[in-house]
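The structure appears right after this line, and notes come after that.
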Amino acid sequence: MQPFARDMGYQGPPFRWDVERRCQLRCELDAAYFHLYGIARDDVEYIMSTFPIVERHDVKNHGEYRTKRVILEIYDEMQRAMQTGGTYNDVGSLVEPTRTTSSI
């Protein structure tokens with residue numbers, strides 16, 4: 000992966016694998032794509048209800064449908080940013096990159 004990273008202009012150390020960080024990043028991407036495609040919040044709620052395997056996994060491991068909740072929270076934060084002319088960074092909290100010097 001290091002040659003690919005260098006080809007892409009990244010010279011830093013590899014990112015540490017962090018399950019929680021990856022979940023947050025995936026939810027941020029999902030929320031952003033819902034906005035980019037103009038999908039209304041009610042429709043996002045419905046779409047998220049069509050993933051029963053994800054819901055079962057979340058309920059088993061977290062006691063709630065966490066993926067849906069987090070996507071909707073981020074979706075709302077992004078919506079507020081658009082309505083106020085701000086940025087998502089202003090109202091939300093993008094995950095800080097986590098790096099390590101160990102090799103992958």
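Going by numbering that gives the first Met the number 0, the sequence shown opens with residue 0, and the numbers climb by one from there.
Idealized CB from N, CA, C, for every residue including glycine.
Item                                                                                                               : Value
Close-in-space but distant-in-sequence residues of the same chain around Thr100 (CB under 6 Å, 5 per side omitted) : The pLDDT assigned to Thr100 is 43, lower than 50, so where the model puts this residue is not dependable; a value taken from the coordinates is nonetheless given after this. Closer than 6 Å at the Cβ level, and outside the excluded window around Thr100, lie Pro12.
The region 65–77 / the region 2–16 touching (three or more Cβ pairs under 8 Å)                                     : no
Where the alpha helix (DSSP H) through Ile52 begins and ends                                                       : 51–61
Assigned exposure category for His27 - 16 Cβ within 10 Å defines buried                                            : Looking at the sequence itself, residue 27 is Glu, so the reference to His does not match. Buried is the call here.
Cβ contact (3+ pairs, closer than 8 Å) linking the region 54–62 and the region 13–22                               : no
Start and end residues, alpha helix (DSSP H) containing Asp17                                                      : Here Asp17 belongs to no alpha helix (DSSP H), and DSSP marks it neither H nor E.
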